[in-house]
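Residue numbers (the UniProt record's numbering): 1 to 220. Just so you know, even glycine gets a beta-carbon here, dropped at the ideal spot from N, CA and C. Since the structure is predicted, the reported quantities are computational estimates derived from the model, not experimental observations. Here's the structure, in structure tokens; my notes come after.
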């Protein structure tokens, strides 16, 4: 077959292949018929292509084993992990709501000292203002951790130290009869808040973040 015949045959054979595949041939039907009538090679090619296509369509596909069960069985069970994530999220939500309530309650105790200068204790105005400022600062700390739990680790040293000293002094004052039980009971809010902050700080810790400072220096 010369080059001119080859150039004329390829478009026709591509059009035949497209028709067998159910696609548009892109070539006029009259052009194909005229070429096939004059080209024995393309007629033979068309017959072979039709036979191959018919044989392929009539061939029964081999049965493929169903491996769905085996694949699903091999996958790790997401149940325990998913349940644990749900429990962790619910626990975090409960802690944050606790801190929200503690912060609001602590602010309610602190605001009177700032606004009236007396609050619930009979103290000089400036002392009452200082007490109110400290109480409001603690309330803001609780509310900040409730809004952004990542702040728990940073707020914990201040809150824990304040609560420890407050607890020791309150017990001492109760023993000496220098404070009313109702006033001392208000400090339970702070204890509950510090407990919630401690749990959030522990849950949000990163590996190696709790090592002692001296240990880090010795390795350096």
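inquiry  = I'd like the ranges of any alpha helix (DSSP H) spanning at least 4 consecutive residues and lying wholly in the region 122-155.
reply    = DSSP runs (the alpha helix (DSSP H)) wholly in the region 122-155: 125-147.
Short CB-CB distance (under 7 angstroms) between residue 15 and chain C = You won't find chain C in this structure, because it holds only one protein chain.
query = What's the C-alpha gap between residue 3 and residue 41?
reply = Annotation note: pLDDT 47 at residue 3 (below 50); position unreliable, no value reported.
request  = Apply the 10 Å Cβ neighbour rule to residue 141 and answer buried if 16 or more other Cβ atoms are within range, or exposed otherwise.
outcome  = Result: buried.
ask   = Is the number of C-beta pairs between the region 198-206 and the region 107-114 that are closer than 8 angstroms three or more?
value = The region 198-206 is not in contact with the region 107-114.
ask   = Helix or strand or just coil, what does DSSP make of residue 42?
value = Residue state, collapsed to three classes: helix.
message = Which residue wins for smallest C-alpha separation from residue 147, given the options 103, 189, 168 and 67?
response = Looking at 103, 189, 168 and 67, the one whose alpha-carbon comes closest to that of residue 147 is 103.
message = Excluding the 5 residues flanking residue 121 on each side, which residues of the same chain have their C-beta closer than 6 angstroms to its C-beta?
response = Unreliable positioning characterises residue 121 in this predicted model, as indicated by a pLDDT of 48, which lies under 50. A coordinate reading is not provided.
query = Hey, how far is the Cα of residue 171 from the Cα of residue 161?
reply = Cα to Cα, the separation comes out at about 16 angstroms.
request  = Closer than 6 angstroms by C-beta to residue 192: which residues in its own chain qualify, once you throw out the five before and the five after it? Chain order, please.
outcome  = Cβ neighbours of residue 192 beyond the five flanking positions: 102.
ask   = Of the choices 184, 46 and 30, whose alpha-carbon is the least far from that of residue 10?
value = Ranking 184, 46 and 30 by Cα distance to residue 10 puts 46 first.
inquiry  = Looking at residue 95: is its Cβ nearer than 7 angstroms to the Cβ of residue 199?
reply    = It is a contact, given that the beta carbons lie within the stated cut-off.
query = Are the CB atoms of residue 185 and residue 98 nearer to each other than 7 angstroms?
reply = The beta carbons of residue 185 and residue 98 sit no closer together than 7 angstroms.
task = Whole angstroms is fine: what's the gap from residue 34's alpha carbon to residue 65's?
result = Near 49 angstroms, if we compare the C-alpha coordinates of residue 65 and residue 34.
ask   = Taking the Cβ atom as the reference point for each residue, do residue 136 and residue 145 lie within a distance shorter than 7 angstroms?
value = At the C-beta level, residue 136 and residue 145 stay beyond 7 angstroms of one another.
request  = Report back the beta-carbon spacing between residue 190 and residue 166 to the nearest angstrom; my notes put them in contact at under 8 angstroms.
outcome  = With a contact defined as Cβ atoms closer than 8 angstroms, residue 190 and residue 166 qualify at about 6 angstroms.
inquiry  = Among 22, 21 and 17, whose alpha-carbon lies nearest the alpha-carbon of residue 32?
reply    = Distances from the CA of residue 32 to each of 22, 21 and 17 were compared; the closest alpha carbon is that of 17.
Residue from 134, 164 and 159 whose Cα sits closest to the Cα of residue 112 = Checking every option, the nearest Cα to that of residue 112 belongs to 134.
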